[in-house]
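Each residue of the sequence shown is one higher than the one before, counting from 0 in numbering that gives the first Met the number 0. Think of the CB as a built atom: it goes at the ideal place given N, C-alpha and C, for glycine as much as any other residue.
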Amino acid sequence: MKGVFIVFEGIDGCGKSTQLRALSKRLQAYGIEPLVIREPGGTPVGEQIREILLERPLEMEPLTELLLYEASRSELTRTVLRPALQAGQVVLADRFAMASLAYQGYGRGLDLTLVRHFNTIATEGIEPSMTIILDVPVEVALARKRSAFDRLERAGLEFHERVRRGYRELAQQTPGSLLLDGTRPASELAEQIWKAVESLL
Ligand SMILES: Nc1ncnc2c1ncn2[C@@H]1O[C@H](COP(=O)(O)OP(=O)(O)OP(=O)(O)O)[C@@H](O)[C@H]1O
Ligand SMILES: [Mg+2]
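Shown next as structure tokens:
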């Protein structure tokens, strides 16, 4: 496919949205209007799934949670992501399939092979051109977030420690991933990310 697909990953509060906004601005200054997507969400049905997952305090089985994320991802892939990449757009994503491996796999304990299987179905095998993983200690990330905890954040420190370890392992295994020290100043990270993206473009 002609487009470029850049995904931001990392635990809650690691700085994904901050860096996605910075990269989006740099691209615009460069004359590229990126398409920005987020997970879960990004489609009408995806936004309702997002509400179930993040806004309402519902208890659910880990597999149910995985399937809701995958349903949202599948809708997003087929109606937004694939058409944009086929049209040659630059797409920036606030989380994608790696998040299910980190959260539902490492975090909730679902079998990683099972998660990969559903990821492949939902994404139709589309892989990011680059995955930027911002690594931050759990206490630092949670301290940054003064807003109300969403359902995932209430799961506690140990859960987030497993997710962080998951992301670090996934970064080693996944071609095209860039593991950055998210405790560095945001401007410095933006510079590192821009250098990597510029060479990709
Ligand atoms: N490099 C940084 N150093 C210090 N603080 C930062 C840095 N990057 C972001 N922050 C601050 O940390 C908070 C969380 O950042 P941000 O919203 O970008 O994280 P996020 O990964 O998108 O979180 P979430 O997963 O909840 O969406 C914000 O208040 C932001 O200003
Ligand atoms: Mg964010």
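Counting pairs of beta carbons, one from the region 63–74 and one from the region 18–36, are three or more of them closer than 8 Å? The region 63–74 makes no contact with the region 18–36: fewer than 3 CB pairs, one atom from each, lie closer than 8 Å.
Pairwise C-alpha distance: GLY45 and ARG37: 10 Å
Using the Cα positions of TYR105 and HIS159, report the straight-line distance between them to the nearest angstrom. 9 Å
DSSP beta-bridge partners for GLU8? ILE132
Which full runs of the alpha helix (DSSP H) of 4+ residues lie inside the region 14–78, going along the chain? Here the runs fully enclosed are 15–28, 43–49, 61–75.
On the three-state DSSP scale, how would you describe ALA86? coil
Start and end of the beta strand (DSSP E) containing LEU200? Premise fails: LEU200 is in no beta strand (DSSP E) and is neither H nor E.
Taking GLN103 as the reference, give the member of HIS116, ALA28, LEU91 with the closest Cα. Of HIS116, ALA28, LEU91, the residue nearest in Cα terms is HIS116.
ALA142 classed as buried or exposed, judged by whether at least 16 other C-beta atoms fall within 10 angstroms: exposed
Hey, ILE5 and ILE131: beta-carbon distance below 8 Å or not? yes
Comparing the CB of LYS15 with every heavy atom of ligand 2, is any distance shorter than 7 Å? yes
Between the CA atoms of VAL196 and ALA185 - distance to the nearest angstrom: 16 Å
Distance check for LEU75 and LEU67, CA to CA, integer angstroms please. 12 Å
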